[in-house]
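Data first, discussion second: the structure below is written as structure tokens.
Protein chains: 2
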Amino acid sequence: MPKADAVNPRTTPALRRKPDLALVEPSLPLEQTAPKATEEIYKSVRDRIRWTLLKRISEGVYRPGERLKELKLAQEFHVSQAPVREAFRELETLGVLISEHYRGTRVREISNRETQEAYHLRGYLEEIAAQLIPLERLQDEIANIEALQETMRGAALSGDMDGFARANVQFHRTIVSLAPNQMLLKVWESLEIGMRSQLTLQKKLSTMHLLAELHQPIVDSLKLQDLKQTGVLLREHSFSFLKEWT
Amino acid sequence: MPKADAVNPRTTPALRRKPDLALVEPSLPLEQTAPKATEEIYKSVRDRIRWTLLKRISEGVYRPGERLKELKLAQEFHVSQAPVREAFRELETLGVLISEHYRGTRVREISNRETQEAYHLRGYLEEIAAQLIPLERLQDEIANIEALQETMRGAALSGDMDGFARANVQFHRTIVSLAPNQMLLKVWESLEIGMRSQLTLQKKLSTMHLLAELHQPIVDSLKLQDLKQTGVLLREHSFSFLKEWT
DNA sequence: GAGGCCGGAATTATCGATAATTTACTTTTA
DNA sequence: TAAAAGTAAATTATCGATAATTCCGGCCTC
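The listed protein sequences correspond, in order, to chains F and A.
With the first letter of the first sequence counted as 1, position 141 gets the number 141 in the numbering used here; the numbers rise by one all the way through.
Each number in the numbering used here comes from the position in the second sequence (counting from 1) with 1000 added on.
Written out as structure tokens, the structure reads:
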């Protein structure tokens, strides 16, 4: 039992101002593939801040290595330091930020080596995933996957890099999500987050067309329900993508 | 530049009391496979709290589903709420805790299904790792691996469950760490953390002996430098372990 | 006596201040 | 004049309070 020191602590009726957050809200157009029931994310100031920071990082607003100052952000968002710090801690654990004791926190710089390793590993994960997909589930989703491939082609033609990137992620993510192992998806996503901040930097139009076509064999072999082969293709796909810009 | 409002903020010479933390320190006998340069961990109150909480969870002091109250812990540690909350956020992102808005945070209950998935995936990861090991590195470490196998046998004989568990983790961890892909190790470790809290619950003496012997074929095939075969064994090893207690 | 409506107690979320530490700059000293 | 030593400013880490929300139990209503 907690000790009953002092008088009664909280007895105020619930009826006050809503927190301001003027500067958080506007920067949250809640577009993007809403990760959860959208409300969930907006419940706490901390969540909104985390979301906003992550968005800015993945958009390249904050560059790798850039220092993020707690009070500066707190001011910008019209909040106090605490929720900013808590958001920092979450993003730090996610591997997006890095902070040193009394020395501030900055956007983590992902080394070339690390990126390569991530792609490498991601390839293997996708291979495993593909091989585990139950054929029933595959049939239900194959149309969606093909549609995403078309979206990529379209985006490549119209030069819509952002749309391309989104469809690309979705393509792979969908395949992984079909495997009956949610842990696998979680791990895959954790790799994805790390790569996203890098991604903004090196997307070229020329590679976009190439990439779009590289997905075709994968779709084909999925349609043939040859999961073994699909797995191999996915693994090699990651590797080739890796070689593109190293 | 930040706005120079009010008077100068901080001008006090650094010379005050060190934080108390009476109740944190004693609960940190800093045993265990010290994760980093031990000092690193002790730098901030938050880190010590996180460490302590994680330890207690993995030791089963806090059970899955148990509610952890911020102020109660803060009192126990003689600190304020803030660092406790920050530690919570880190552990939450790690997947060890789970918290609901205004409803408190509790030790995350890992479902049977999730545990199975984790073991499943871990098996695959170890297979990949084994296949990537450069033979030179293997030669340097094979003696250590064999020693860990001996440690397991010894622990099984003397009924030292804790020692057994540690050697077991180290055995697998060492193998994974030999692969030239640190990301792989990181992912493997993230799975390990999740499983640790469960592990305390279901370790039986009988299975200990069995498990010790199950590692022998792995050691053998490593000594033969047959990485392909080692990988397969590791994968199957995880699967069999999984079947033991489902 | 089942459901709805307070009122208070407990707890989380956030705030505004203070302490501790680093950093950059100035001054001193040899 | 270069190293050392001090000093102020900037920033992080932690604290102690307050606001917001949930939870529980009694009381009323029908």
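Ideal Cβ positions, reconstructed from N, Cα and C, are used throughout, including at glycine.
Here the structure is a predicted model, which is why all the values come from computation and not from measurement.
- The Cβ atoms of I1145/A and I1175/A sit closer than 8 angstroms to each other.
- Using a Cβ-Cβ cut-off of 8 angstroms, H101/F is close to K1043, S1044 of chain A, given in chain order.
- Interface annotation, V1187/A: in contact with chain F, CB-CB separation under 8 angstroms.
- Taken through DSSP and simplified to helix, strand or coil, E1109/A comes out as coil.
- For Q1225/A and L135/F, the gap between their C-alpha atoms comes out near 37 angstroms.
- Around the beta carbon of H1120/A, a 10 Å sphere encloses 16 or more other beta carbons of the protein chains shown; the residue is thus reported as buried.
- In chain order, A212 place their CB closer than 6 angstroms to the CB of R153/F, counting only its own chain and leaving out the 5 sequence neighbours on each side.
- In this structure, the CA atom of V1096/A is about 27 angstroms from the CA atom of L1205/A.
- A Cβ-Cβ distance of about 12 angstroms is found for the pair I1098/A and G1194/A, leaving them out of contact under the 8 angstroms criterion.
- For S1238/A, the closest of L1222/A, G1065/A, I1218/A by C-alpha to C-alpha distance is I1218/A.
- For the segment 53 to 72 of chain F, the residues whose beta carbon sits under 9 angstroms from a beta carbon of chain A are, in order, K69, L71, K72.
- Minimum Cα-Cα distance from D47/F among the listed residues L191/F, E76/F, A87/F corresponds to A87/F.
- Of the residues H1078/A, L1094/A, L1073/A, the one whose Cα lies closest to the Cα of R1085/A is L1073/A.
- For M1195/A, no chain F residue has a C-beta closer than 7 angstroms to its own C-beta; the minimum C-beta separation is roughly 11 angstroms.
- Look at R1048/A: its C-beta is not under 8 angstroms from any C-beta on chain F.
- Chain A has a Cβ within less than 8 angstroms of the Cβ of E86/F.
- In the DSSP annotation of this structure, L222/F is not part of any beta strand (DSSP E); the continuous alpha helix (DSSP H) holding it starts and ends at 216 to 223.
- For L1184/A, the closest Cβ of chain F is nearer than 8 angstroms.
- Going by DSSP, S1158/A is part of the alpha helix (DSSP H) stretching over 1135 to 1158.
- Under the DSSP definition of a beta bridge, R67/F partners with R106/F.
- If you draw a straight line from the Cα of T52/F to the Cα of P1083/A, it is about 23 angstroms long.
- Between N1112/A and E117/F, the C-beta gap is not smaller than 8 angstroms, which leaves the two residues out of contact.
- CA-to-CA, the gap between K1228/A and D1220/A works out to about 13 angstroms.
- Around Q131/F, the same chain offers L227, K228, G231 as residues with beta carbons nearer than 7 angstroms, after the five sequence neighbours per side are excluded.
- Counting along the chain, the unbroken alpha helix (DSSP H) around S1177/A starts and ends at 1161 to 1178.
- Looking at the DSSP output, L1097/A sits in a beta bridge with V1107/A.
- Rounded to whole angstroms, the gap between the alpha carbons of A1179/A and Q216/F is 32 angstroms.
- Inclusion of L222/F and L138/F in the CB contact set at 8 angstroms is warranted, their separation being smaller than that value.
- The three-state secondary structure of S1206/A, taken from DSSP, is helix.
- Judged by DSSP secondary structure, V61/F falls outside any alpha helix (DSSP H); it is assigned neither H nor E.
- Here S58/F is buried, its C-beta having at least 16 other C-beta atoms within 10 Å.
- In the structure shown, H1120/A adopts helical secondary structure according to DSSP, grouped into three states.
- DSSP, reduced to helix, strand and coil, places S240/F within a helical segment of the structure shown.
- For E117/F, at least one C-beta of chain A is nearer than 8 angstroms to its own C-beta.
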